[in-house]
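Sequence positions in the sequence shown follow mature numbering (1 follows the signal peptide of the UniProt record, and there is no 0) and run -17 to -1, 1 to 278.
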Amino acid sequence: MRRLLLPALLVPLGAPAQPAPAPAPGTAAAPAQTAPAQAVPAPAAPAVSAAVLELLGRLEALQREVQALRDEVETQGHELAGIGRRQRELYLDLDRRLRRLEAAGTPAAPAPSVAAPAVSALSAPAPSAPAPGAPGNAAAPPAAPAATPPAGAAPAPAPAPAAATDPLQEQAAYQLAFDLLKEGRYDRAIAEFQAFLGRYPKGGYADNAQYWLGEAYYVTRQFEQALAEFRKVVGGFPDSPKVPDALLKIGFCQYELRRWDEARATLNEVLQRFPQSTAARLASQRLQRMKREGR
């Protein structure tokens, strides 16, 4: 029994220790402890905030530009609608005038002035014929005949009546100026509107001509002149349908001239006097824009 146990005990003691397995070729030995991963540094907060603020500023600027474009589009649409209405009114008015002229017929020409002396001569009392045998009648001087112009002499010219305004010529002159404005030939349109108002200051198209004269100055950014012309519409034609639009444009001119208080007061006047008009809606939009801009 001892013979069997002794070799069995000696074998483990004499066996060499097994070496640790060598790492495979091309692989590095794993470190004893895994090093903690390094944290990625966070981006600087101030730089991000500055970029965001810049984007917000650009966005607000774009929004303001879009709103301004919308305002201009609405203004142009309103003006085009007014042009269409006025054009229809012009044709209807012209048709009414022609019908009245046809119904009245051609007026009779005035009687020539040469007939006037004949009438006066006939109206003078005729000298009485002397009774036969009446004393003193033969010696009586004959009555002086009524003064008559010598034969062939031209009669004194009668005072000429005031020349009547030709509605067709007036309408043609207005249309010429208005067509120039539509074509964008603003300098000539201004000259034609001024000439029209000089010839027809109280004509049927005077209020419209006055308004479009101001509009021609406005689109060419001559705001002082436009302001003066629009004020003439409000002051000179208080019953004109152009008054709401003219008052609105007065406020717009004051805005462009950076007269914020005057512009605000004028636009509020549009809201008070013409609350249901398109001009009032545009005035409200401009007031909101001024509020956003801090005006």
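Cβ atoms here follow ideal geometry from the backbone N, Cα and C, with glycine treated the same way. Remember, it's a predicted structure, so these values are computed and weren't measured experimentally.
Nearest to residue i (by Cα), restricted to the options the options
{"i": "K274", "options": "A262, L250, T261", "result": "L250"}
{"i": "Y169", "options": "D190, G187, Y200", "result": "Y200"}
{"i": "P258", "options": "R241, D228, W243, L240", "result": "D228"}
{"i": "Q50", "options": "Q268, R241, G65", "result": "Q268"}
{"i": "Q205", "options": "Q237, I66, V226, K185", "result": "Q237"}
{"i": "R278", "options": "I233, L254, E245, Q255", "result": "E245"}
{"i": "G60", "options": "R272, A262, E276", "result": "A262"}
{"i": "G167", "options": "E198, P224, L73, Q70", "result": "E198"}
{"i": "S260", "options": "L39, Q46, T58", "result": "T58"}
{"i": "V202", "options": "E239, V217, P221, N191", "result": "E239"}
Cβ distance (whole Å) where residue i is taken to contact residue j below 8 angstroms
{"i": "E153", "j": "Y183", "result": "5 angstroms"}
{"i": "L163", "j": "A172", "result": "4 angstroms"}
{"i": "R241", "j": "L270", "result": "16 angstroms between Cβ atoms; not a contact."}
{"i": "E175", "j": "L159", "result": "6 angstroms"}
{"i": "I233", "j": "L254", "result": "The pair is not a contact, with the Cβ atoms about 14 angstroms apart (cut-off 8 angstroms)."}
{"i": "K225", "j": "Y194", "result": "4 angstroms"}
C-alpha distance - residue i paired with residue j, whole-angstrom precision
{"i": "E207", "j": "S32", "result": "44 angstroms"}
{"i": "L63", "j": "L75", "result": "18 angstroms"}
{"i": "A146", "j": "G186", "result": "Residue confidence for A146 is low, a pLDDT of 49 falling below 50, so the modelled location carries little weight and cannot support an answer."}
{"i": "L73", "j": "R80", "result": "11 angstroms"}
{"i": "R41", "j": "E48", "result": "11 angstroms"}
{"i": "F220", "j": "Q177", "result": "16 angstroms"}
{"i": "Q70", "j": "L231", "result": "21 angstroms"}
Residue i at chain C interface by Cβ criterion, 8 angstroms
{"i": "Q255", "result": "Absent from the structure is chain C; it holds one protein chain and no more."}
Classification of residue i by the beta-carbon crowding that lies within 10 angstroms, buried from 16 upward
{"i": "V35", "result": "exposed"}
{"i": "A44", "result": "exposed"}
{"i": "V216", "result": "buried"}
DSSP three-state assignment for residue i, whether helix, strand or coil
{"i": "P271", "result": "Just to set this straight, residue 271 is Gln in the shown sequence, not Pro. It is helical."}
{"i": "T261", "result": "helix"}
{"i": "E72", "result": "helix"}
{"i": "E166", "result": "coil"}
{"i": "Q158", "result": "helix"}
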